[in-house]
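**Q**
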Amino acid sequence: MPGTKELKKTLLSALDEGVLSHAVLIEGEKGTGRKALALWLAKAILCRDKNHPCGNCSVCRKIESGNHPDVEIFGESGGARSFHIESIREIKNSLWLAPNESEQKIYILLNAENMTPEAQNALLKSLEEPPAHARFILTCDNRRSLLDTIISRSTVYTLEPPTREECAAALREKYPDFSERDAEIFSIAYGGNFGAADSGAAEGKAEIVFLAAKAPDLLRKGTGYSLAAELSAKCRTRADLSEFLERFLNITGRCGIDRAAGKTTPVRVTPSEAVKTADIIERGKLALLQNCSLELIESWLCMELSGVFGGNL
Ligand SMILES: [Zn+2]
Numbered sequence: 014m015p016g017t018k019e020l021k022k023t024l025l026s027a028l029d030e031g032v033l034s035h036a037v038l039i040e041g042e043k044g045t046g047r048k049a050l051a052l053w054l055a056k057a058i059l060c061r062d063k064n065h066p067c068g069n070c071s072v073c074r075k076i077e078s079g080n081h082p083d084v085e086i087f088g089e090s091g092g093a094r095s096f097h098i099e100s101i102r103e104i105k106n107s108l109w110l111a112p113n114e115s116e117q118k119i120y121i122l123l124n125a126e127n128m129t130p131e132a133q134n135a136l137l138k139s140l141e142e143p144p145a146h147a148r149f150i151l152t153c154d155n156r157r158s159l160l161d162t163i164i165s166r167s168t169v170y171t172l173e174p175p176t177r178e179e180c181a182a183a184l185r186e187k188y189p190d191f192s193e194r195d196a197e198i199f200s201i202a203y204g205g206n207f208g209a210a211d212s213g214a215a216e217g218k219a220e221i222v223f224l225a226a227k228a229p230d231l232l233r234k235g236t237g238y239s240l241a242a243e244l245s246a247k248c249r250t251r252a253d254l255s256e257f258l259e260r261f262l263n264i265t266g267r268c269g270i271d272r273a274a275g276k277t278t279p280v281r282v283t284p285s286e287a288v289k290t291a292d293i294i295e296r297g298k299l300a301l302l303q304n305c306s307l308e309l310i311e312s313w314l315c316m317e318l319s320g321v322f323g324g325n326l
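Start counting at 1 in the sequence shown, then tack on 13, and there's your number in this note's numbering.
Here it is in structure tokens:
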């Protein structure tokens, strides 16, 4: 995962100097690799290799696969307020028991923003005075979504989102079929969020993303009809069209801004085209929410966009 290199260095040196807090809070927006970093830190703490975390020993492998008896993970799934006090009671029941096979035990509390206030309050004492063998690693989207008392008992590390270039490089590594331009387009289409771009690629959204990148040129050539044909072939559900609109908005928006700043962009979009496109996309999204037929929205979209990009439909 890109964007975490510096943070890993910081955490590792705190750990090696023996000053890593017993309660670490990793803050970062969705898709920045919070869970991966929490698991990495758990490995760094428990792995006995001199280059810890080595990633290969049985400790590291057990943690990676979720099978280490001294690493417990909570809050993995569920939405707002789904992280209840029962989970904290479960932690308290085992907190003072000695670790099973390592010298320490680690409680990973993911998506702490989903904790109810009761759960957060119940956790306070354990965070403040844990037994020497216990450590907590919490993750959250934004520290402001947690009680001040939780923050003050933790050391907060902020995970910065990767740059667009880092995101593109990581995509190429994971998807060797992607050309440099493909990876750049994908990265722009998902706002540089590697987690989101990775899911998009894994869930087969590439056709839709690349259609969004191709659309301005199709329209400019006066071939709005061929965009309409491709849209109806590739966006067969409302979710598909919604995906197209989101990616198209990101691509035109970003390329328009970059072009205004004199940068080269993988897709040719002028700033004024970007502004007009954003307005049409917003209206398209509204139409999607209402009961309009998919065909109707798609042909309306092509007509409006043809007006922006100078093609004739
Ligand atoms: Zn290891």
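Quick reminder that beta carbons are idealized off the backbone N, C-alpha and C, glycines included.
Could you tell me the distance, in whole angstroms, from the CA atom of D271 to the CA atom of R281?
**A** Their Cα atoms are separated by approximately 10 Å.
**Q** Is F149 helix, strand or coil by DSSP?
**A** The answer is strand: DSSP assigns F149 an E or B state.
**Q** In this structure, how does DSSP classify F1 when only helix, strand and coil are distinguished?
**A** Given that the chain is displayed from residue 14 to residue 326, the structure contains no residue 1 and the question cannot be resolved.
**Q** Should V72 be counted as a contact of ligand 1 given a C-beta to heavy atom distance under 6 Å?
**A** Yes, the Cβ of V72 comes within 6 Å of a heavy atom of ligand 1.
**Q** L28 to W53, Cα distance in whole Å?
**A** For L28 and W53, the distance between alpha carbons rounds to 12 Å.
**Q** Identify the residues that DSSP records as bridge partners of E40: which are they?
**A** Partner(s): C153, T171.
**Q** Comparing alpha-carbon positions, which option in A219, A57, R267, E317 lies nearest C248?
**A** Ranking the options by Cα distance to C248, first place goes to A219.
**Q** Below 6 Å, is the gap between the Cβ of C180 and the nearest heavy atom of ligand 1?
**A** For ligand 1, not one heavy atom lies less than 6 Å from the Cβ of C180.
**Q** How long is the line joining the alpha carbons of L326 and M316, rounded to whole angstroms?
**A** Low local confidence applies: a pLDDT of 44 at L326 is under 50, so the model's placement there is unreliable, with the coordinate-based value given in what follows. Looking at the two C-alpha atoms, the distance is approximately 6 Å.
**Q** Nearest-angstrom Cα distance between A214 and C305?
**A** So the alpha carbons of these two residues sit roughly 29 Å apart.
**Q** Using CA atoms only, rank isn't needed, just tell me which of F207, A291, K289, A125 is closest to T17.
**A** Selected option, being the one with the closest Cα: F207.
**Q** Could you tell me whether the region 138-149 touches the region 32-47, where touching means 3 or more Cβ pairs closer than 8 Å?
**A** Yes, the region 138-149 touches the region 32-47.
**Q** In the structure shown, what three-state DSSP assignment does E179 receive?
**A** Here E179 sits in helix by DSSP.
**Q** I want to check one thing, is the minimum distance from the CB of P82 to the heavy atoms of ligand 1 below 6 Å?
**A** No, the beta carbon of P82 sits no closer than 6 Å to any heavy atom of ligand 1.
**Q** Distance, Cα to Cα, I58 vs Y170?
**A** Between I58 and Y170, the C-alpha separation is close to 16 Å.
**Q** By Cβ distance below 7 Å, which residues in the same chain neighbour L159 in space, the five residues on each side in sequence not counted?
**A** Result list for L159: A125, E126, Q133, C153, in chain order.
**Q** With a threshold of 6 Å, establish whether the CB of C153 neighbours any heavy atom of ligand 1.
**A** No - ligand 1 has no heavy atom lying nearer than 6 Å to the Cβ of C153.
**Q** What does DSSP give as the partner residues of L258 in its beta bridges?
**A** Partner(s): none; L258 has no beta bridge.
**Q** Considering only heavy atoms of ligand 1, does any lie closer than 6 Å to the CB of P66?
**A** Indeed, a heavy atom of ligand 1 lies less than 6 Å from the Cβ.
**Q** Going by alpha carbons, who is nearest to E85 out of I150, L231, K63?
**A** That would be I150, whose Cα lies nearest to the Cα of E85.
**Q** Quick one, are the C-beta atoms of A202 and V222 less than 7 Å apart?
**A** Taking 7 Å as the Cβ cut-off, A202 and V222 qualify as a contacting pair.
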